[in-house]
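Visitor: Numbering-wise, the numbering used here comes out as the position in the sequence shown, counting from 1, plus 95.
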Amino acid sequence: MKYIYILYSDILKEGYIGSTSLNLKRRLCFHKNDNRRHYGLTCSNILNSSDFCIDKIFSFDEITRTELEKLESQFIKQYKNSFFMFNNKIYKIVNKHIPYASKRTLCTCGCNQELVHRTIRKHLKNNNKNKK
Ligand SMILES: [Zn+2]
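#1: Could you give the distance in angstroms between the alpha-carbon of K165 and the alpha-carbon of I193?
#2: At what residue ranges does the stretch 181 to 208 contain a whole run of the beta strand (DSSP E), taking only runs of 3 or more?
#3: What is the residue span of the alpha helix (DSSP H) that I171 lies within?
#4: Among D129, Y195 and T203, which one has its Cα closest to the Cα of F170?
#5: Among S144, L219, G110 and S154, which one has its Cα closest to the Cα of K175?
#6: Could you check which residue in T200, N225 and C204 has the C-alpha nearest to that of R213?
#7: Would you check if the distance between the CB atom of Y98 and the CB atom of C148 is smaller than 8 Å?
#8: Cβ of H218 versus every heavy atom of ligand 1: is any distance shorter than 7 Å?
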C-alpha cells in the first residue's frame, strides 16, 4: 500500500501533505525522529504541537513510485498556502515546496511528458532512433 497522508494539528489548524509507502505509524516515527524537526522543517510547528496526528487521505493498492510522486505533487500544488477540508475540519496547508519539482522537467521534444533528468537523454535518443 502507498499513501498520500496529512500530518495535522487541530490546535494549530494546520496540515502538511506527504506521501509514503510505509505504514503511517512508521512514517510518523521518521517524522518524529527527524532531528531537523526542531527548527527548519516545514512541518516543525505541527510536529511540535502536542496534538499532532497523521491520517491517510488516499491509499493506493497498485501504483508506481513515480505515479505516487506525481499525484502528491499535483495535490500539494493545488492546496499549498490554501485550505483543505479533512474530517469536517479545515486545515491550512503549510507545504512550501512542490516535491520532486527539481527532479522532473518538461521534455523539450514536444511529447509533453515530465521526465526525470536521467531518463530524458535516453528518451531523446530513442526518439532519434525511431526517426531513422
Ligand atoms: Zn519527449
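All C-beta atoms in this analysis are idealised placements derived from N, C-alpha and C, irrespective of residue type, glycine included.
Guide: By the coordinates alone:
#1: Mapped onto the sequence shown, residue 165 falls at position 70. Mapped onto the sequence shown, residue 193 falls at position 98. K165 and I193: Cα-Cα distance of roughly 10 Å.
#2: 184 to 188 and 199 to 201
#3: Residue mapping note: residue 171 aligns to position 76 of the sequence shown, counting from 1. Start and end: R160 to Y174.
#4: The count along the sequence shown starts at 1 and reaches residue 170 at position 75. Taking the Cα of F170 as reference, the smallest distance to any Cα among D129, Y195 and T203 is reached at Y195.
#5: Here residue 175 refers to the residue found at position 80 when the sequence shown is read from its first residue. Of S144, L219, G110 and S154, the residue nearest in Cα terms is G110.
#6: Taking the sequence shown and counting its residues from 1, one reaches residue 213 at position 118. Looking at the Cα atoms, T200 is the closest of the given residues.
#7: Here residue 98 is taken as the residue at index 3 of the sequence shown, counted from 1. Here residue 148 is taken as the residue at index 53 of the sequence shown, counted from 1. No, they are not a contact pair.
#8: Here residue 218 is taken as the residue at index 123 of the sequence shown, counted from 1. Checking the Cβ of H218 against ligand 1 gives yes.
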